[in-house]
Structures are given as structure tokens and as C-alpha cells.
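Residue numbers (my numbering): 1380 to 1705.
No residue lacks a Cβ here, since even glycine has one placed at the ideal position from N, Cα and C.
On a predicted model such as this, the values are computed, not experimentally measured, just so you know.
Step one of this worksheet: look at the structure below.
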Ligand SMILES: Nc1ncnc2c1ncn2[C@@H]1O[C@H](COP(=O)(O)OP(=O)(O)O)[C@@H](O)[C@H]1O
Ligand code: SF4
Ligand SMILES: [Mg+2]
């Protein structure tokens, strides 16, 4: 086994706009993921999770651009890769699933064909063989009667079934890593659990690493061994999931934890959120001076209003927190 991480993101900066209108939406984001490892990015909506994922996939489009930092996949610096190189990497080495499978699937093409396409494009198979493999892939994601289902169009399937199809497409070529951005947010709670279990099980069996993105710390911790908490474009705490639950150090992480529904409290009315963090995530053009969390923080002191906190190592150097008072 080599020590080279599967994915190493270092000092990532993502800009929105250009010239005087340029703002860093993501700044100084660094993390690495080992082969087969499960890693989560968590934070409220607008914290920069999705654009971080897009940058790894080479999918940043105007007004977004890579402002700095490096992204290295298996030793290869992909932040410099050409559009054609990234197209070949996506699907083959990095599989992706998103919140809304309807937008990722082609509405005019039967799902079997969309899975088979992966084998044709990335593995050089002929259509006949690729179609047989597509049936097999659907069986793997436990779609009933896959021989018949391959002829269905996306709109003929339920949300849960569509997300299974997305998982089949994402894992078709046995990629090294699956990026799952809010994969279950659009689904109802029981289907959510099935999809998460399926994703986890298939990736574990194939040795596929997972980069899971969600606003739900509970969900991320359930899937991921390590987690990075993002706030306003930065990682504010990064640790083993178990440590985050045992002893959260950043006030934002504490807030996320406190707002989780208590175990067993998932009622029929849905997930009732107690102890919401007051206020909202700031716009990229209006990040506060000092600590970006200061307007919402109940632990803030004078220094927080003027000085941006640096990171402090935790857990013997494998974890970190970015807070003056952690
Ligand atoms: N295409 C875009 N154009 C302008 N701003 C964008 C674009 N995409 C994302 N942003 C902004 O970048 C920030 C981070 O967005 P995003 O990564 O989608 O957050 P998250 O996934 O954590 O909810 C937000 O302030 C969002 O409004
Ligand atoms: S640095 Fe200050 S304002 Fe920021 S999270 Fe820590 S205590 Fe709160
Ligand atoms: Mg997002």
C-alpha cells in the first residue's frame, strides 16, 4: 500500500466573479482522503460544500473559477487537467451522485441505456455486452425486475429508484471515489436510509472511497469515518466523526449537533429541529471581519470581532479547529 492519498485537496480557493467583483467563496480548504476511506463535508446551505465538490470534478463554470490551491488525485494534479482529461476521469475514476437525480439523468433516454453508456464510453465495450452489464448493475442496486426496468425512462421511476439508477451509473466503472452531494435530501426518511445503506454497502464491497456532502451532521457521521465542518467557505473543524460527537470544539459544530433531532425523535411530522443556530450564513460578498461566525456565535469575545482565527491542531495532529476560544 502506498502512502499517497487517493485525493489531496490543499489550500483550495474558489472565486466567484472577476475584477473588483471577485470574492473568494471557498478559501484555504485542505483535506485528504485515503483509498477506501469515507469522508464527509457538512455545513448549512451556502457554506461552499457543493462548489468544493464541483472543483474536484473539474466542473466549475463561470462565474466560478479556481482561485488557488491544488487538487491531486492518486498523485496526479487534476486542477491542471484539460477539459478532455477531466471528462475521462469523471465516471471512470470519480463517480458522482447529486440531490436531484432527475436533473442528472437524461429524460429522453431509457435508464438502461444511460448505464450501458458508461461501459461503452469508459470501458470500450460494445452495446450488447454493455446492456447485459447494465442489467447486472441494476440488480446490484436492488432494482426489482432489472431486465424490464432498463427500458424505463427516468420519469417512470420513483425518486428512490432514480437515485438507485444514479448509484448504478456512478459505480458502473468501479471508480476510486464516489462523490455524493446531498444524495438523499430530496427523498423521504425511510427511502433515505435505504439509499444511504446501499451506497455504503456497495462502496465498502468495492473499496470505493466516499466524499459525502450533506447539511445533516447525523447522516454524514453515520456514513463517514472523518468529517470536515464548513462554514462560510472555510473548514472550521476537521476530525474523526466519533470525536466530533464526543467533544465538538467549534461553536458552529456544537450548534449543528444541538440542532439535530434527538435519537428516536424522528416523528411522523418530520424532523423537528430544536435549538437552531440563530442568524444565517453570510453571502460571499459580505463575510464579516474577524471570525466569519462571529455574528451568530454565543461564545464570541472581543478578539473574534477583529482577528480571523488560525487553525489549532487537535487529537494529536490529526484533527483541527479554527476558533479563538475552542
Ligand atoms: N454559479 C454560482 N454563481 C454565483 N454564486 C454561486 C454559484 N454557485 C454557488 N454560489 C455561491 O457560493 C456559495 C457556496 O455555494 P454552495 O457550494 O452551493 O454551498 P452549499 O453546497 O454548501 O450549500 C454560496 O454563497 C452560493 O450562493
Ligand atoms: S473565533 Fe470567536 S466568534 Fe469565531 S467561533 Fe470561535 S468563539 Fe465564536
Ligand atoms: Mg450544496
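### Message
So, for residue 1675: in the same chain, excluding its five sequence neighbours on each side, which residues have a beta-carbon less than 7 Å away from its beta-carbon?
### Response
Locating residue 1675 in the chain shown gives position 296, counting from the first residue. Closer than 7 Å at Cβ, skipping near neighbours: 1656, 1657, 1658.
### Query
In chain order, what residues of the same chain have a beta carbon less than 7 Å from the beta carbon of residue 1582, not counting five sequence neighbours either side?
Position 203 of the chain shown holds residue 1582. If you ignore the 5 residues before and after residue 1582, its C-beta comes within less than 7 Å of the C-beta of 1557, 1589, all in its own chain and listed in chain order.
#### Entry: Pairwise C-alpha distance: residue 1619 and residue 1434
By 1-based counting over the chain shown, the position of residue 1434 is 55. By 1-based counting over the chain shown, the position of residue 1619 is 240. The alpha-carbon atoms of residue 1434 and residue 1619 are separated by roughly 24 Å.
### Query
Near ligand 2, which residues have their beta-carbon closer than 5 Å to a heavy atom?
Matched residues: 1630, 1670, 1672, 1673, 1676, 1678, 1679, 1683, 1688, 1702, 1703, 1704.
### Task
Assign residue 1685 to one of three DSSP states: helix, strand, or coil.
Stepping through the chain shown from its first residue, residue 1685 is reached at position 306. If DSSP states are grouped into helix, strand and coil, residue 1685 belongs with the helices.
### Task
Return the CA-CA distance between residue 1612 and residue 1622, expressed in angstroms with no decimal places.
On the chain shown, position 233 is the one that residue 1612 refers to. On the chain shown, position 243 is the one that residue 1622 refers to. Answer to the nearest angstrom: the Cα atoms are 22 Å apart.
### Message
With a threshold of 7 Å on Cβ separation, who are the neighbours of residue 1720 within its own chain once the five nearest residues in sequence on each side are excluded?
### Response
A query on residue 1720 cannot be resolved here, the shown segment of the chain reaching from 1380 to 1705 and no further.
### Task
Go ahead and pull the three-state DSSP assignment for residue 1648.
Residue numbering aside, residue 1648 sits at position 269 when the chain shown is read from its first letter. Note on residue 1648: pLDDT 48, under 50, position unreliable in the model; the coordinate value appears next. DSSP, read as helix, strand or coil, puts residue 1648 in coil.
#### Entry: residue 1388 to residue 1429 span [Cα, whole Å]
The residue given as residue 1388 occupies position 9 in the chain shown. The residue given as residue 1429 occupies position 50 in the chain shown. Their Cα atoms are separated by approximately 14 Å.
### Query
Looking at C-alpha atoms only, which residue of 1562, 1579, 1584 is the closest neighbour of residue 1594?
What you label residue 1594 is simply residue 215 of the chain shown in a count that begins at 1. With distances taken between Cα atoms, residue 1594 lies closest to 1562.
### Message
Out of 1410, 1536, 1638, which one is the CA nearest neighbour of residue 1390?
### Response
Position 11 of the chain shown, counted from the start, is the residue given in the question as residue 1390. Cα-wise, what sits closest to residue 1390 is 1410.
### Query
Once you ignore the five residues that flank residue 1493 on each side, which residues in its own chain have a CB closer than 7 Å to its CB?
In the chain shown, counting from the first residue as 1, residue 1493 sits at position 114. The residues are 1484, 1485, 1548.
### Query
Quick one: Cα of residue 1649 to Cα of residue 1424, how far?
For this step, residue 1649 is matched to residue 270 along the chain shown. For this step, residue 1424 is matched to residue 45 along the chain shown. Residue confidence is low: residue 1649 scores 49 on pLDDT, short of 50, so the model does not pin down where it sits. Its coordinate-derived value is still stated next. Taking the straight line joining both Cα atoms gives about 19 Å.
### Query
Roughly how many whole angstroms lie between the Cα atoms of residue 1445 and residue 1394?
Mapped onto the chain shown, residue 1445 falls at position 66. Mapped onto the chain shown, residue 1394 falls at position 15. About 6 Å.
### Query
Using the beta-carbon count (16 or more within 10 Å), is residue 1647 buried or exposed?
Within the chain shown, the letter at position 268 stands for residue 1647. Reliability of the predicted coordinates at residue 1647 is poor, the pLDDT of 46 falling under 50, and the value obtained from them is presented with this limitation in mind. The residue in question, residue 1647, is exposed, as its Cβ has fewer than 16 Cβ neighbours within 10 Å.
#### Entry: With 16 other Cβ atoms within 10 Å as the buried cut-off, status of residue 1629
Translated into the one-based positions of the chain shown, residue 1629 becomes position 250. Buried is the call here.
### Residues proximal to ligand 3 by C-beta, any heavy atom closer than 7 Å
Per the Cβ criterion, the list is 1424, 1428, 1429, 1560, 1561, 1592.
### Message
According to DSSP, residue 1456 sits in a beta bridge with which residue or residues?
### Response
In the chain shown, residue 1456 corresponds to position 77, counting from 1. Bridge partners of residue 1456: 1451.
### Message
Considering only their Cβ atoms, is the gap separating residue 1479 from residue 1600 smaller than 8 Å?
### Response
Against the chain shown, residue 1600 aligns to sequence position 221. Against the chain shown, residue 1479 aligns to sequence position 100. No, they are not a contact pair.
#### Entry: Distance cut-off 7 Å: residue 1549 Cβ against heavy atoms of ligand 4
Absence of ligand 4 from the depicted structure is noted, with ligand 1, ligand 2 and ligand 3 being the only ligands included.
### Query
If we count the other Cβ atoms within 10 Å of its Cβ and call it buried at 16 or more, is residue 1591 buried or exposed?
Position 212 of the chain shown, counted from the start, is the residue given in the question as residue 1591. That one is buried.
### Coil, strand or helix - residue 1394 by DSSP
By one-based count along the chain shown, residue 1394 stands at place 15. DSSP, reduced to helix, strand and coil, places residue 1394 within a strand of the structure shown.
### Task
Report yes if the C-beta of residue 1442 is less than 7 Å from at least one heavy atom of ligand 1; otherwise report no.
Mapped onto the chain shown, residue 1442 falls at position 63. It does: the Cβ of residue 1442 is within 7 Å (strictly closer) of some heavy atom of ligand 1.
### Query
In whole angstroms, what separates the C-alpha of residue 1442 from that of residue 1399?
For the purposes of this step, residue 1442 is taken as the residue at position 63 of the chain shown. For the purposes of this step, residue 1399 is taken as the residue at position 20 of the chain shown. Each residue's Cα considered, the two are about 13 Å apart.
### Message
Between which two residues does the beta strand (DSSP E) holding residue 1666 run?
### Response
The sequence position of residue 1666 within the chain shown is 287, counting from 1. Unbroken run through residue 1666: none, as it is neither H nor E.
### Message
By the three-class DSSP mapping on this structure, what secondary structure does residue 1618 have?
### Response
Position 239 of the chain shown holds residue 1618. In this structure, residue 1618 counts as strand in the three-state DSSP scheme.
### Query
Counting Cβ pairs, one atom from each stretch, are 3 or more of them under 8 Å apart for the segment 1681–1697 and the segment 1454–1470?
no
### Query
Among residues of its own chain, excluding the 5 on either side of residue 1495, which ones have a beta-carbon nearer than 6 Å to its beta-carbon?
For the purposes of this step, residue 1495 is identified with residue 116 of the chain shown, where counting begins at 1. Cβ within range, chain order: 1509, 1510, 1513.
### Message
Give me the residue from 1608, 1502, 1504, 1491 with the minimum Cα distance to residue 1518.
### Response
Working through the chain shown from its first residue, we reach residue 1518 at position 139. It is 1491.
### Query
What span of residues does the beta strand (DSSP E) with residue 1606 cover, start to end?
Here residue 1606 is taken as the residue at index 227 of the chain shown, counted from 1. Following the DSSP letters along the chain, one finds residue 1606 inside the beta strand (DSSP E) bounded by residues 1605–1610.
### Query
What are the boundary residues of the beta strand (DSSP E) that includes residue 1409?
One-based indexing of the chain shown puts residue 1409 at position 30. Here the beta strand (DSSP E) through residue 1409 covers 1402–1412.
### Query
Once you ignore the five residues that flank residue 1570 on each side, which residues in its own chain have a CB closer than 6 Å to its CB?
Indexing the chain shown from 1 puts residue 1570 at position 191. 1539, listed in sequence order.
### Task
Could you tell me if residue 1567 is buried or exposed, where buried requires 16 or more neighbouring beta carbons within 10 angstroms of its beta carbon?
Within the chain shown, numbered from 1, the residue matching residue 1567 stands at position 188. Label assigned to residue 1567: exposed.
### Task
Whole angstroms is fine: what's the gap from residue 1504's alpha carbon to residue 1497's?
Here residue 1504 refers to the residue found at position 125 when the chain shown is read from its first residue. Here residue 1497 refers to the residue found at position 118 when the chain shown is read from its first residue. One C-alpha to the other measures close to 9 Å.
### Message
Need the endpoints of the alpha helix (DSSP H) that residue 1512 sits in, please.
### Response
As a working mapping, residue 1512 is identified with position 133 in the chain shown. Run containing residue 1512: 1506–1519, per the alpha helix (DSSP H) assignment.
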